[in-house]
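All you need for this note's numbering is the position in the sequence shown, starting with 1, plus 196. Reviewing the structure listed below.
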Amino acid sequence: MHRICYSNGVVAYAFGSFATLPLQAHVSARHGGVSPDPWNSLNFSYSRGDERGRVLENFARFCAVLGIDPSQPVRTHQVHSTDVAEVGWDEAGSRQKGCDALITDAVGLPLFLVFADCVPIVIYDAARHALGACHAGWRGTVHGMAGAALRAMEGAYGTDAADVYVGIGPSIGPESYEVGEEVVEMAIASLPRGERYFHRRGGDGANPCFDLWQANFDQLTAAGVPEEQIELSGIDTARRTDEFYSHRAERGRCGLFGLLTWLEPRA
Numbered sequence: 197m198h199r200i201c202y203s204n205g206v207v208a209y210a211f212g213s214f215a216t217l218p219l220q221a222h223v224s225a226r227h228g229g230v231s232p233d234p235w236n237s238l239n240f241s242y243s244r245g246d247e248r249g250r251v252l253e254n255f256a257r258f259c260a261v262l263g264i265d266p267s268q269p270v271r272t273h274q275v276h277s278t279d280v281a282e283v284g285w286d287e288a289g290s291r292q293k294g295c296d297a298l299i300t301d302a303v304g305l306p307l308f309l310v311f312a313d314c315v316p317i318v319i320y321d322a323a324r325h326a327l328g329a330c331h332a333g334w335r336g337t338v339h340g341m342a343g344a345a346l347r348a349m350e351g352a353y354g355t356d357a358a359d360v361y362v363g364i365g366p367s368i369g370p371e372s373y374e375v376g377e378e379v380v381e382m383a384i385a386s387l388p389r390g391e392r393y394f395h396r397r398g399g400d401g402a403n404p405c406f407d408l409w410q411a412n413f414d415q416l417t418a419a420g421v422p423e424e425q426i427e428l429s430g431i432d433t434a435r436r437t438d439e440f441y442s443h444r445a446e447r448g449r450c451g452l453f454g455l456l457t458w459l460e461p462r463a
């Protein structure tokens with residue numbers, strides 16, 4: 197990913213592999229907003245104690261640098277599921293309840309999700325010009341969020357995984373994400389060779405660390421997405437709280453950053 201600094205102080209990250217494709221996908225950093233500590237400063241969460249007016253101003257600033265009307269993005273009420281909502285212009289400005297992924301083939305319709313360690317995943321079907329945006333925490337990863345989104349796009353648009361390009365955005369990394377044994381057990385029960393996604397940094401007595409990046413990468417390639425068409429940011433939010441919010445590293449006293457993505461007209 198490459199870092200973009202805007203004149204109003206907003207900072208966003210974009211996937212280099214999408215540069216020649218007819219879509220936009222931008223992940224906000226935490227700079228350029230109006231929220232004070234502990235949300236400083238471009239917070240998009242209404243539920244972590246920040247004032248609503250500040251969050252609205254933050255979102256307006258982010259949308260402004262991207263040329264997006266802040267009343268248009270489709271949002272989700274994220275619940276750590278694998279449910280997917282298909283949306284079009286009739287849903288512009290709505291909040292889709294009980295889902296963690298949005299898909300669309302509506303050109304120009306912005307999709308918006310929020311994060312603070314969970315994995316942002318952008319899926320673009322270059323053949324059918326369709327788009328998916330996913331939020332995958334440990335539950336979503338264990339239960340196959342990325343694969344669920346691909347299947348939804350296949351059903352809605354006829355997507356073939358071989359035509360898909362994917363960006364996996366900033367999220368908690370494999371050296372930072374300690375989990376309990378119950379997570380290991382669920383992953384082993386749900387994912388092929390699920391034990392390979394865990395290691396113990398301090399030996400046998402340490403808590404296991406979960407590699408969400410590799411688990412999602414492997415789900416995508418298993419579904420047929422070519423490895424060379426997947427870009428992994430490699431940015432660990434828990435180690436980069438100077439740039440991103442991290443629920444784990446900041447012990448819940450933080451805001452949420454956002455992913456805003458949309459289809460552009462094809463030439």
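Note that CB positions come from ideal geometry on N, CA and C, so glycine has one too.
In this structure, the beta-carbon distance from D296 to H339 does not fall below 8 Å. The beta-bridge partner set that DSSP reports for P422 is empty.
For the options L309, M349, V303 and A302, the alpha carbon positioned closest to that of K293 is the one of L309. Nearest neighbour of P461 by Cα position, chosen from L408, A326 and R435, turns out to be A326.
A418 and E391 have their alpha carbons spaced roughly 17 Å apart.
For the 8 Å CB-CB criterion, A434 and I368 form a contact. With three or more CB-CB distances shorter than 8 Å, the stretch 227-237 counts as touching the stretch 204-211. Counting along the chain, the unbroken beta strand (DSSP E) around G328 starts and ends at A326 to A332. Counting only residues of its own chain and dropping the five nearest sequence neighbours on each side, Y373 has a CB closer than 6 Å to the CB of C405 and F406. Per DSSP, the beta-bridge partners of R396 are P404. In the DSSP assignment, I368 falls outside any alpha helix (DSSP H), carrying neither H nor E.
If you draw a straight line from the Cα of P422 to the Cα of D414, it comes to about 11 Å. Between V223 and F453 the beta-carbon gap is near 7 Å, inside 8 Å, which marks them as a contact.
Annotation note: the stretch 429-457 contains no uninterrupted beta strand (DSSP E) run of length 3 or greater. Contact between the stretch 339-357 and the stretch 274-282 is established, with three or more Cβ pairs separated by less than 8 Å.
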